[in-house]
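Below is one structure, written out as structure tokens; comments come after it.
In my numbering, the protein residues as written are 17 to 290.
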């Protein structure tokens with residue numbers, strides 16, 4: 017992981033804390049540990065189950081689903097191996113429990129933009145936060161893909177989670193743009209969402225050396241990449257919107273989408289025919 021990305025994650029966590037003691041974090045494992053420490057279940061058995069969930073999340077993050085063994089989980093949780101089977105049938109059930117909570121409980125509390133924001137601000141918030149969440153939990157996000165191959169019901173859950181988000185974005189666009197049908201808007205939103213998933217895959221989950229090298233060469237950290245992608249979202253979903261007030265580095269990379277020059281020295285070049 018690049019140092020700039022690590023610093024960005026720490027800055028986001030500090031921003032979420034707000035200096036008021038709120039222990040909100042982008043790390044799912046930290047979230048589980050804080051919850052167990054500050055609001056533990058009353059029953060010992062439930063506390064043990066939570067410890068096993070945390071241990072499962074740690075092993076998934078570090079080793080991935082395919083390499084995970086039950087003994088890895090019990091050693092991490094510091095419990096006897098037999099205790100694992102009191103709460104979970106096998107490693108698949110434990111992984112499903114952890115990753116389902118990640119999808120259904122953890123991601124939604126972070127991804128919703130604050131109210132009273134412009135269209136671009138809302139889009140940018142969601143895209144920045146999505147990259148930040150994946151950067152803070154890269155192994156777990158990778159496991160979502162791994163487990164989806166083995167457990168079709170989990171793959172369907174991940175798809176339904178995405179679809180619910182796409183429906184919300186589509187509904188928002190339809191509220192602000194009269195005369196549009198939901199089908200075409202939903203298709204565009206799904207295409208844009210697929211773009212963000214591929215960005216996460218190439219940048220974080222399964223880093224593509226060529227893509228990472230390109231972003232490094234351009235000085236494009238995660239927030240810059242998210243902002244540049246958000247410009248595309250805005251241009252597709254709100255084509256009449258004026259170019260937002262962008263940071264200089266983002267404007268240099270994506271301002272040309274609104275008719276400017278992409279980079280210094282590029283003005284005056286002939287259009288390229290594909």
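The C-beta atom is built at its ideal place from N, Cα and C for all residues, glycine as well.
{"Query": "Cβ-Cβ separation, residue 243 to residue 140 (assumed contact under 8 angstroms), whole Å", "Result": "6 angstroms"}
{"Query": "Helix, strand or coil at residue 59 according to DSSP, with G and I counted as helix", "Result": "coil"}
{"Query": "Coarse secondary structure for residue 101, derived from DSSP in three states", "Result": "helix"}
{"Query": "Pick from 255, 240, 245, 259 that is closest to residue 266, judged by C-alpha positions", "Result": "240"}
{"Query": "Under 8 angstroms between C-beta atoms of residue 86 and residue 77", "Result": "no"}
{"Query": "Cβ-based burial, residue 275 [other Cβ within 10 Å; buried from 16]", "Result": "exposed"}
{"Query": "Proximity of residue 269 and residue 260 at Cβ, strictly below 8 angstroms", "Result": "no"}
{"Query": "Beta strand (DSSP E) runs wholly inside the stretch 191-226, at least 3 long, in chain order", "Result": "none"}
{"Query": "Residue 289 (DSSP reduced to helix, strand or coil)", "Result": "Because residue 289 sits at a pLDDT of 38, beneath the cut-off of 50, its placement in the model cannot be relied upon, and the point is left open."}
{"Query": "Beta-carbon proximity list for residue 66, same chain, < 6 angstroms, skipping 5 on both sides", "Result": "52"}
{"Query": "Backbone secondary structure at residue 116 - three-state DSSP", "Result": "helix"}
{"Query": "Inter-residue Cα distance where the pair is residue 126 and residue 133", "Result": "16 angstroms"}
{"Query": "Residue burial classification, residue 112 (beta-carbon count within 10 angstroms, cutoff 16)", "Result": "buried"}
{"Query": "Collapsed DSSP secondary structure at residue 263 in the structure displayed", "Result": "coil"}
{"Query": "C-alpha distance - residue 155 paired with residue 171, whole-angstrom precision", "Result": "17 angstroms"}
{"Query": "Straight-line gap, residue 99 to residue 48 (C-alpha atoms, nearest Å)", "Result": "20 angstroms"}
{"Query": "Beta-carbon gap between residue 119 and residue 177 smaller than 8 angstroms", "Result": "yes"}
{"Query": "Cβ-based burial, residue 60 [other Cβ within 10 Å; buried from 16]", "Result": "exposed"}
{"Query": "Beta carbon of residue 184 nearer than 8 angstroms to that of residue 80", "Result": "no"}
{"Query": "CB of residue 216 within 8 angstroms of CB of residue 147, strictly", "Result": "yes"}
{"Query": "Residue span of the alpha helix (DSSP H) that contains residue 246, given as start and end", "Result": "238-253"}
{"Query": "Candidates 68, 186, 117, of which the one nearest residue 204 by Cα", "Result": "186"}
{"Query": "Three-way DSSP call (helix, strand, coil) for residue 53 in this model", "Result": "helix"}
{"Query": "is_contact[residue 146, chain C] using C-beta, thresh 8 angstroms", "Result": "Protein chain content of the structure displayed is limited to a single chain, and chain C is not contained in it."}
{"Query": "Status (buried if at least 16 other CB within 10 Å, exposed otherwise) for residue 149", "Result": "buried"}
{"Query": "Rounded straight-line distance, which links the Cα of residue 238 to that of residue 11", "Result": "Shown here, the chain extends from 17 to 290; a query on residue 11 therefore has no answer."}
{"Query": "Residue 21 versus residue 222 - alpha carbon distance", "Result": "Note on residue 21: pLDDT 42, under 50, position unreliable in the model; no value is reported."}
{"Query": "Buried versus exposed call for residue 197 [16 or more other C-beta atoms within 10 Å across all chains shown]", "Result": "exposed"}
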